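Data first, discussion second: the structure below is written as structure tokens.
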Amino acid sequence: MKSERGGRRPGAGRKLGSGKGLTAKLQICVTPVQAQTFKAIGSSRWLRRQLDREKELKAEQRGRSVLRLPLEAQFPQMLDDESSAEVTMQTPRRGRSSAVKGPVEHKSVNLMDMLVPAPEATIMLAAPDNGMKDAGISKDDLLIVDRSKEPRSGQVVLARVGEEFLVRRLVVAVIDVSLVPEHAGGKEEPRTLDELDDWQLIGVVTSVVKRLSA
Numbered sequence: 001m002k003s004e005r006g007g008r009r010p011g012a013g014r015k016l017g018s019g020k021g022l023t024a025k026l027q028i029c030v031t032p033v034q035a036q037t038f039k040a041i042g043s044s045r046w047l048r049r050q051l052d053r054e055k056e057l058k059a060e061q062r063g064r065s066v067l068r069l070p071l072e073a074q075f076p077q078m079l080d081d082e083s084s085a086e087v088t089m090q091t092p093r094r095g096r097s098s099a100v101k102g103p104v105e106h107k108s109v110n111l112m113d114m115l116v117p118a119p120e121a122t123i124m125l126a127a128p129d130n131g132m133k134d135a136g137i138s139k140d141d142l143l144i145v146d147r148s149k150e151p152r153s154g155q156v157v158l159a160r161v162g163e164e165f166l167v168r169r170l171v172v173a174v175i176d177v178s179l180v181p182e183h184a185g186g187k188e189e190p191r192t193l194d195e196l197d198d199w200q201l202i203g204v205v206t207s208v209v210k211r212l213s214a
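Under the numbering used here, the letters of the sequence shown match residues 1 to 214, in that order.
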């Protein structure tokens, strides 16, 4: 059975040229053809929709501005594709033998395939600070960042806040979304994205290459 509730009632709705806030007037000069077109597409109602849409677009651009990357970022797809290294793997025997002997397997490992499964969407850069030191990421460690992955709560991400690039843990709570540092000795507080004017989540940190000795 079709409900009798809902739908547009005759005479209901805001009258053309009336309504709260509609106090300013515009006067423009157009050609006769333009005047006909303007009338055909909705006249003042069309113009108000266009102006509202422009406002929405500007709001979207503030939250999703053109992607900017760190100047020092490297792009794996532009590097040598032959970044492989031959390693020797030895399978030890069971027991207490001090001289471990076993079959030796030679295997060629392509580091690019291992660390960068999506080169066209990946950037590499040095960690900008020690803000994630307790998570095992120290300043100048090489980070592999995948821009094709959708950032999720709990992941370490590369973000831009104003002119600053940060590597922090993304924490999505019920009431807010924050970039949280992990450095017990630091004084930095979590940054709530809703309180920031200019920010971007650039990508997810998928790997860290750490130098253990000089």
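Cβ atoms here follow ideal geometry from the backbone N, Cα and C, with glycine treated the same way.
Owing to the predicted nature of the structure, the values given are computational and were not obtained by experimental measurement.
- How big is the Cα-Cα spacing for residue 30 and residue 132? Their backbone Cα atoms lie some 60 Å apart in a straight line.
- Item | Simplified DSSP assignment, three categories, for residue 118 | In the displayed model, residue 118 falls within coil according to three-state DSSP, outside both helix and strand.
- Query: Between the Cα of residue 194 and the Cα atoms of 150, 28 and 175, which residue gives the shortest distance?
  - Reply: Here the closest residue by C-alpha is 175.
- For residue 200, which of helix, strand or coil comes out of DSSP? Three-state result, residue 200: strand.
- For the alpha helix (DSSP H) holding residue 75, just list the boundary residues, first then last. No alpha helix (DSSP H) contains residue 75, which DSSP labels as neither H nor E.
- Message: Restricting to Cα atoms, I'd like to know which of 33, 37, 212 and 41 is closest to residue 139.
- Response: Per the Cα distances, 212.
- Query: Can you tell me where the alpha helix (DSSP H) with residue 33 in it begins and where it stops?
  - Reply: Looking at the DSSP string, the run of the alpha helix (DSSP H) that includes residue 33 is 32–40.
- Query: Where does the unbroken beta strand (DSSP E) through residue 169 begin, and where does it stop?
  - Reply: Start and end: 164–172.
- Item | Boundaries (first-last residue) of the beta strand (DSSP E) holding residue 146 | Element bounds for residue 146: 142–146.
- Item | Neighbourhood of residue 68 by C-beta distance below 8 Å, restricted to the same chain and skipping five residues each side | Here the set comprises 160 and 200.
- Query: In three-state terms, what does DSSP make of residue 135?
  - Reply: The DSSP-derived three-state label of residue 135 is helix.
- Between residue 202 and residue 157, what straight-line distance do the alpha-carbon atoms span, to the nearest angstrom? Note on geometry: alpha-carbon atoms of residue 202 and residue 157 lie some 7 Å from one another.
- residue 64 (DSSP reduced to helix, strand or coil): Note on residue 64: pLDDT 47, under 50, position unreliable in the model; no value is reported.
- Item | Nearest-angstrom Cβ-Cβ length linking residue 74 and residue 123, presumed shorter than 8 Å | Residue 74 to residue 123, Cβ: 7 Å. Contact.
- Task: Thinking residue 170 and residue 153 are a contact (beta carbons under 8 Å), I'd like their distance in whole angstroms, please.
- Result: Between residue 170 and residue 153, the beta carbon gap of about 6 Å places them in contact (Cβ cut-off 8 Å).
- Alpha-carbon to alpha-carbon, residue 197 and residue 146: Between the alpha carbons of residue 146 and residue 197 lies a gap of roughly 24 Å.
- Message: Is it buried or exposed, residue 168, if we count other Cβ atoms within 10 angstroms and call 16 or more buried?
- Response: Buried, since its Cβ has 16 or more Cβ neighbours within 10 Å.
- Query: Considering residue 158, what are the terminal residues of the beta strand (DSSP E) in which it resides?
  - Reply: Where residue 158 is concerned, the enclosing beta strand (DSSP E) starts and stops at 156–161.
- Please classify residue 213: does DSSP put it in a helix, a strand, or coil? In the structure shown, residue 213 sits in coil (DSSP, three-state: anything other than H, G, I, E or B).
- Taking C-alpha atoms, which residue in 166, 48, 110 and 34 lies nearest to residue 22? Measuring from the Cα of residue 22, the nearest candidate turns out to be 48.
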